[in-house]
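Chains as they are written, first to last, in my numbering: chain A, 1 to 396; chain B, 1001 to 1396. In what follows, a single structure is set out as structure tokens and then discussed.
Right, dumping it as structure tokens:
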């Protein structure tokens, strides 16, 4: 039979990236396509020690129904950390635990958007966010991205052309997929624009701790005195382990209470054992020491990737030198068709994501592709780049 | 500032039960209000042993990003179990893992309902489901409940009066809150009605294994040959531990693929460690032995509750003798106002949920209340019933 699929969901199609990731499960295919953190960075022994402790000392806390807002001790620990290290003001803001930052995107969209309303997004941006917005029947208005963050002129014109613009979704630090870091000046200008035009900002910061070069830039949330304009999303996926599915959202109290109701109707609460693991990890050990180790790992991987590209593809591919995050955004000469290039690569044993997958309109021309350097080994990085170089030659 | 809350979410109010549950956290208040399984039934040592094993042998499986559809081994194990013990046919159906059955309700509603469409529900029914439906701007059409399941005449008239009726949400076994078990004859009649009127059925079965009396009745899903009419929800919350947040949905393949896309946009995938714990629990030990122990625990608790009510409230309260589940549905004489009664009880140290909380329209008159017997200890059960008896006297 054919099912009466809702309008908002019927328009949501599986994306190009899903098709490519199917190849990635082939052990003969090297994947530069995923966004997985490096498995070797997971602090397995510490997680095992914490888990054994919890299940011995307070199994009910880990196993019985709990609060939709999240495990109280973790919320307190995170508030302290975010206030101290990220300058976030909690006087009129509340932190809620979510099942990954993805759920934060979902709940914020559900609470703020009716079908037909508009969300402004960077072009390109995170596919998972685009699909969540689409799943609520929301219109997407792309804003051009420059080397120091989005174009303010493009933001203005996107806003002017939008029906009920509800919020701007932005990843200001080590943007996925572009790697762009929005400058402090632009962060302030974006916040000023939002204030002047009654627009909200959804700041997604999954990669912020993974800096491998340069100086930290304050979050937009920390610039937002009063905290009523910016909704902030964070996650343990990249700094601890993604399969724990623990993220968090910080929003002004009156919005947070609505998000908590939405959370309750969605999955009651997030897995408690995982929340306790996150809390114990933050309180028992020095998280900054752990983050420094992650940064060293990714600095080395990024360097290996850049060196291999310079060596095998020098002059043929341009890319933005990464300051952090997990990705390189590479661009090929205009005469190379990107879908054709990515298809030839995957057939030769290398999975890549074509840049158009990160556009609101996938049919738009794009001469870039995204390369992930956190998942592959050093050997795979070099071999993958060699495959890319071979395929580029076939276009000569 | 005031936030532009979406139409669907702005109409969702915190329910009466949430207000009452606030009192429940007071250690001096005995709670008959919750729906928690008994913490003493959690197989803590087994969960600890499994967890230690996983984190030693295959930490990446427990910690790295995984598939939205769920941990493959758990899906296989569940399909085998459901086919063998529940007669569910998987030839054209797919099982997906969800973050509790609550997320199954959420995803099904999101995929099948546009705002203004109608969901038919039993009257009374599970508040968490009602709030999920409300959170998508769906209209609710209540169907009267009788001792052997919903009224077929009421089902017909609810369907006739409904705008775009999409599905019937039903808990046919040990219904929450009423404890009703839908008879086999009515299950077949409901399925026939759904077939004749192009209606889908969302069968929620969280309590099915907790039988304490009488003979099992087949699930509606097992009666649905071809499996295209019934979407089935199950959960580990009541048979293993709720804070794992592992449930599952079984649907015809074409609908399941849509649900998987919705799942991906919501939380990417459910916590992996919890999924592996569920799978190992089902494969390493005899789950039926574990379920028999749960049944013995709840049989004893239900008996204690019924005996206390008979002793202290005999002739004043009528109730349906439970065949399973976690609840008693009690009814008081018409002259006692239920909200007043529950308020007086909570002030005297006993939290109860007034029956109207389980109605689509909470303002409708209701002379019943729900009593949970799984959470309180034997002593608390007796003491709580004594408080009820005292309060009933104040209405004389």
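Beta carbons: idealized from backbone N, C-alpha and C, even for Gly.
DSSP state of residue 331 of chain A mapped onto helix, strand, coil: When secondary structure is reduced to three states using DSSP, residue 331 of chain A falls in the strand class.
Between which two residues does the alpha helix (DSSP H) holding residue 310 of chain A run? Counting along the chain, the alpha helix (DSSP H) containing residue 310 of chain A begins and ends at 287-313.
Between which two residues does the beta strand (DSSP E) holding residue 369 of chain A run? Residue range 368-372 is occupied by the beta strand (DSSP E) that includes residue 369 of chain A.
What residue range does the beta strand (DSSP E) around residue 93 of chain A cover? Per DSSP, residue 93 of chain A is one residue of the beta strand (DSSP E) stretching across 93-98.
With a threshold of 8 angstroms between beta-carbons, can residue 166 of chain A be considered close to chain B, or not? Yes, because at least one Cβ of chain B sits closer than 8 angstroms to the Cβ of residue 166 of chain A.
Considering just the uninterrupted stretch of the beta strand (DSSP E) at residue 1130 of chain B, what are its terminal residues? Run containing residue 1130 of chain B: none in the beta strand (DSSP E); it sits in the alpha helix (DSSP H), 1127-1135.
Using a threshold of 7 angstroms, is the CB atom of residue 1215 of chain B nearer than that to any non-hydrogen atom of the ligand FMN? Ligands are entirely absent from the displayed structure, and the ligand FMN is therefore not among its contents.
Any C-beta of chain B under 8 angstroms from that of residue 271 of chain A: Interface residue, yes.
Starting from residue 1042 of chain B, find everything on chain A with Cβ-Cβ shorter than 7 angstroms and list it in chain order. Ordered by position in chain A, the residues that pass the 7 angstroms Cβ test against residue 1042 of chain B are 59, 63.
Of all the CB atoms in chain B, is at least one closer than 8 angstroms to the CB of residue 299 of chain A? For residue 299 of chain A, the answer is no, since every Cβ of chain B falls outside 8 angstroms of its Cβ.
By the DSSP assignment, the alpha helix (DSSP H) with residue 242 of chain A in it spans what residues? Under the DSSP assignment, residue 242 of chain A falls outside any alpha helix (DSSP H); it carries neither an H nor an E label.
How many whole angstroms separate the CB atoms of residue 142 of chain A and residue 360 of chain A, which I take to be in contact at a CB cut-off of 8 angstroms? Beta-carbon to beta-carbon, residue 142 of chain A and residue 360 of chain A are separated by about 5 angstroms, close enough to satisfy the 8 angstroms threshold.
Examine chain B for any beta-carbon lying closer than 8 angstroms to the beta-carbon of residue 83 of chain A, and answer yes or no. No, its Cβ sits nowhere closer than 8 angstroms to a Cβ of chain B.
Helix, strand or coil: how does DSSP classify residue 1341 of chain B here? Three-state DSSP puts residue 1341 of chain B in a helix.
DSSP state of residue 1188 of chain B, grouped into three classes? Three-state DSSP puts residue 1188 of chain B in a helix.
Quick one: what's got a C-beta closer than 7 angstroms to residue 1028 of chain B's C-beta in the same chain, skipping five residues either side? Around residue 1028 of chain B, the same chain offers 1349 as residues with beta carbons nearer than 7 angstroms, after the five sequence neighbours per side are excluded.
Between the alpha carbons of residue 1301 of chain B and residue 1378 of chain B, how many angstroms are there, rounded? Their Cα atoms are separated by approximately 7 angstroms.
Coil, strand or helix - residue 1203 of chain B by DSSP: Look at residue 1203 of chain B here: in three-state DSSP terms it is strand.
Taking 8 angstroms as the cut-off, decide whether the C-beta atoms of residue 1008 of chain B and residue 1169 of chain B are in contact. No Cβ-Cβ contact shorter than 8 angstroms links residue 1008 of chain B with residue 1169 of chain B.
Does chain A have any CB closer than 8 angstroms to the CB of residue 1192 of chain B? It does not; no Cβ of chain A falls within 8 angstroms.
Please confirm whether residue 1103 of chain B has its beta-carbon closer than 8 angstroms to some beta-carbon of chain A. Output row for residue 1103 of chain B: interface = yes.
So with CB distances below 8 angstroms, who are the chain B contacts of residue 36 of chain A? Here the neighbours are 1064, 1065.
Between the beta-carbon of residue 400 of chain A and the beta-carbon of residue 368 of chain A, is there less than 8 angstroms? Because chain A here runs from 1 to 396, residue 400 of chain A falls outside it and cannot be looked at.
Relative to chain A, which residues along the stretch 1251-1284 of chain B have a C-beta separation below 8 angstroms, given in chain order? Listed by position along the chain: 1252, 1254, 1255, 1258, 1261, 1262, 1264, 1265, 1266, 1267, 1268, 1269, 1270, 1271, 1272, 1273, 1274.
Here's the rule: buried if 16 or more other CB atoms are within 10 angstroms of the residue's CB, otherwise exposed. What is residue 333 of chain A? Exposed, by the Cβ-count rule.
Could you name the residues that DSSP lists as bridge partners for residue 319 of chain A? Beta-bridge pairing links residue 319 of chain A to A/330.
To the nearest angstrom, how far is it from the Cα of residue 313 of chain A to the Cα of residue 212 of chain A? Straight-line Cα distance between these residues: approximately 23 angstroms.
Could you check whether the Cβ of residue 99 of chain A sits closer than 8 angstroms to any Cβ belonging to chain B? For residue 99 of chain A, the answer is yes, since a Cβ of chain B falls inside 8 angstroms of its Cβ.
In whole angstroms, what is the alpha-carbon distance linking residue 94 of chain A and residue 253 of chain A? In this structure, the CA atom of residue 94 of chain A is about 5 angstroms from the CA atom of residue 253 of chain A.
For residue 275 of chain A versus residue 71 of chain A, is the C-beta distance shorter than 8 angstroms? Yes, the Cβ-Cβ distance between residue 275 of chain A and residue 71 of chain A is below 8 angstroms.
Any beta carbon from chain A within less than 8 angstroms of residue 1118 of chain B's own beta carbon? By this cut-off, residue 1118 of chain B is not an interface position.
To the nearest angstrom, how far is it from the Cα of residue 1223 of chain B to the Cα of residue 1182 of chain B? About 13 angstroms.
List the residues of chain B whose Cβ lies closer than 7 angstroms to the Cβ of residue 113 of chain A, in chain order. 1006, listed in chain order.
Closest Cα partner of residue 1099 of chain B within the set A/353, A/382, A/196, A/264: Closest by C-alpha distance to residue 1099 of chain B, out of A/353, A/382, A/196, A/264, is A/264.
Please confirm if residue 1110 of chain B has its CB atom under 8 angstroms from at least one CB of chain A. Cβ-Cβ to chain A under 8 angstroms: yes for residue 1110 of chain B.
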